[in-house]
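Participant: Here's a structure for you.
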Amino acid sequence: MVAGSRMLLEDADGLYASISGESQRLSGILRVGLFAPLAPFIAPKLLKEFSLMHPGITIYFVEGDQQRILDALRHGECEIALMYDLGVGTEFSMEPVDQLGAHLIVSEEHHLAVERQPVHLAQVVEEPMVLLDQEHSREYFLRLFSSLGLEPNIGHWVSGYETVRSYVAMGLGYSILNRKLSHDKTYTGRSVVPIEIADPVLPIAMVVVYPKDLPVSRKARAFADFSARNMSA
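Next up, the structure:
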């Protein structure tokens, strides 16, 4: 049913292009799943730059955590998604877009903020941690510690990316995140300080994801190709 609907939509796009004489111009609506913590970084750039290349395509985002986006792909709420490669099953195809390492953030008053030198996780493991509490993401962050034989002292479980940064800026603990911002300010008006991790840490990949058993429309293919060329950090 989902596959048939997508094929009908793609056929309608092709028929319009043929009638209008614009065989190379893509048009219509493309629903894209988007991992919510990525949205502030990715959505504005996509909407602006993708629309310049494909002005006939209107993108609607379906935001949520990793599991919400995977469910949206399964149920046909979106055709393609931009997310991390965490918890993605074999029923989906993935294409890499970017690779992100992990880094520590601390408050401006934290003792590590003075020298800003790379640190080992063992140096902070006893301090309270502000954990980004998103399914699959939290397991990834906890695995960074367990791979070193460490167990973090989690002081706060927080589901919002900016909320995590604000907690840290207020001195409520340190945190580990993947994507670095172009500025260090938080909603509190205070800043966080990014610190490199000296331990070897497993990076995560940002990927475009779509169901293996469904055809990929030309609009979705254009989105995947654009993301691979333009969405690196």
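Under numbering that gives the first Met the number 0, the first residue of the sequence shown is numbered 0, with each subsequent residue one higher.
Ideal Cβ positions, reconstructed from N, Cα and C, are used throughout, including at glycine.
Tell me the rounded alpha-carbon separation between Asp198 and Gly148.
Facilitator: Straight-line Cα distance between these residues: approximately 12 Å.
Participant: In angstroms with no decimal places, state the Cα-to-Cα distance between Arg24 and Val206.
Facilitator: Going by the C-alpha atoms only, they are around 25 Å apart.
Participant: Would the region 180-188 count as touching the region 57-67 if we require 3 or more Cβ pairs under 8 Å?
Facilitator: No contact exists between the region 180-188 and the region 57-67.
Participant: In three-state terms, what does DSSP make of Asn229?
Facilitator: DSSP places Asn229 in helix when its eight states are reduced to three.
Participant: Could you tell me whether the Cβ atoms of Gly261 and Gln65 are closer together than 8 Å?
Facilitator: The structure shown has nothing for residue 261, since the chain only spans 0 to 232.
Participant: So Val215 and Leu72 are supposed to be a Cβ contact under 8 Å. How far apart are they, rounded?
Facilitator: The Cβ separation is near 12 Å, so there is no contact.
Participant: Drop a sphere of 10 angstroms on the beta-carbon of Ile194, count the other beta-carbons inside from all chains shown, and report buried for 16 or more, exposed for fewer.
Facilitator: Answer is buried; the Cβ neighbour count reaches 16.
Participant: Cβ atoms of Ile196 and Leu120: under 8 Å apart, would you say?
Facilitator: Yes; because the gap between Cβ atoms is below 8 Å, this pair is in contact.
Participant: Assign Glu78 to one of two classes, buried (16 or more other C-beta atoms within 10 Å of its C-beta) or exposed (fewer than that).
Facilitator: It is buried - the Cβ of Glu78 has at least 16 other Cβ atoms within 10 Å.
Participant: Classify Ala197 as helix, strand or coil using the three-state DSSP reduction.
Facilitator: Coil at Ala197, not helix or strand.
Participant: Does the beta-carbon distance from Ala219 to Leu51 come in below 8 Å?
Facilitator: No. Outside cutoff.
Participant: Can you list, in chain order, the stretches of the beta strand (DSSP E) that have 3 or more residues and sit fully within the region 132-183?
Facilitator: You should have 152-157, 174-176.
Participant: Would you check if the distance between the CB atom of Val313 and the CB atom of Ala112 is smaller than 8 Å?
Facilitator: Any question about residue 313 goes unanswered here, given that the chain covers just 0 to 232.
Participant: With a Cβ-Cβ cutoff of 8 Å, do Leu130 and Phe144 count as a contact?
Facilitator: No, Cβ-Cβ distance for Leu130 and Phe144 is not below 8 Å.
Participant: Among Glu134, Ala35, Glu125, His53, which one has its Cα closest to the Cα of Ala223?
Facilitator: If we check each option's Cα against that of Ala223, His53 comes out closest.
Participant: Between the beta-carbon of Ser158 and the beta-carbon of Val167, is there less than 8 Å?
Facilitator: No, these two residues do not count as a Cβ contact at 8 Å.
Participant: For the putative contact between Pro127 and Leu180, defined by C-beta atoms under 8 Å, what is the C-beta separation to the nearest angstrom?
Facilitator: Going by Cβ atoms, the distance from Pro127 to Leu180 rounds to 22 Å, so no, they are not a contact pair.
Participant: For Leu201, count the other beta carbons within 10 Å of its own beta carbon; 16 or more makes it buried, fewer makes it exposed. Which is it?
Facilitator: Leu201 comes out exposed.
Participant: Shortest alpha-carbon distance to Ala204 belongs to which of Met82, Glu48, Ile68?
Facilitator: Taking only the C-alpha atoms, the option nearest Ala204 is Met82.
Participant: Helix or strand or just coil, what does DSSP make of Ser4?
Facilitator: In this prediction, Ser4 has a pLDDT of 48, which is less than 50 and means its spatial position is unreliable; nothing more can be read from the coordinates.
Participant: Using a Cβ-Cβ cut-off of 6 Å (strictly less than) and excluding sequence neighbours within five positions of Phe225, which residues of its own chain qualify?
Facilitator: Hits under 6 Å: Phe49.
Participant: Would you report the Cα separation of Leu103 and Asp84, rounded to the nearest angstrom?
Facilitator: Using only the alpha carbons, I get a separation of about 21 Å.
Participant: Exposed or buried, what is Gln116 when buried is set at 16 or more other beta-carbons lying within 10 Å of its beta-carbon?
Facilitator: By the 10 Å Cβ count, Gln116 comes out exposed.
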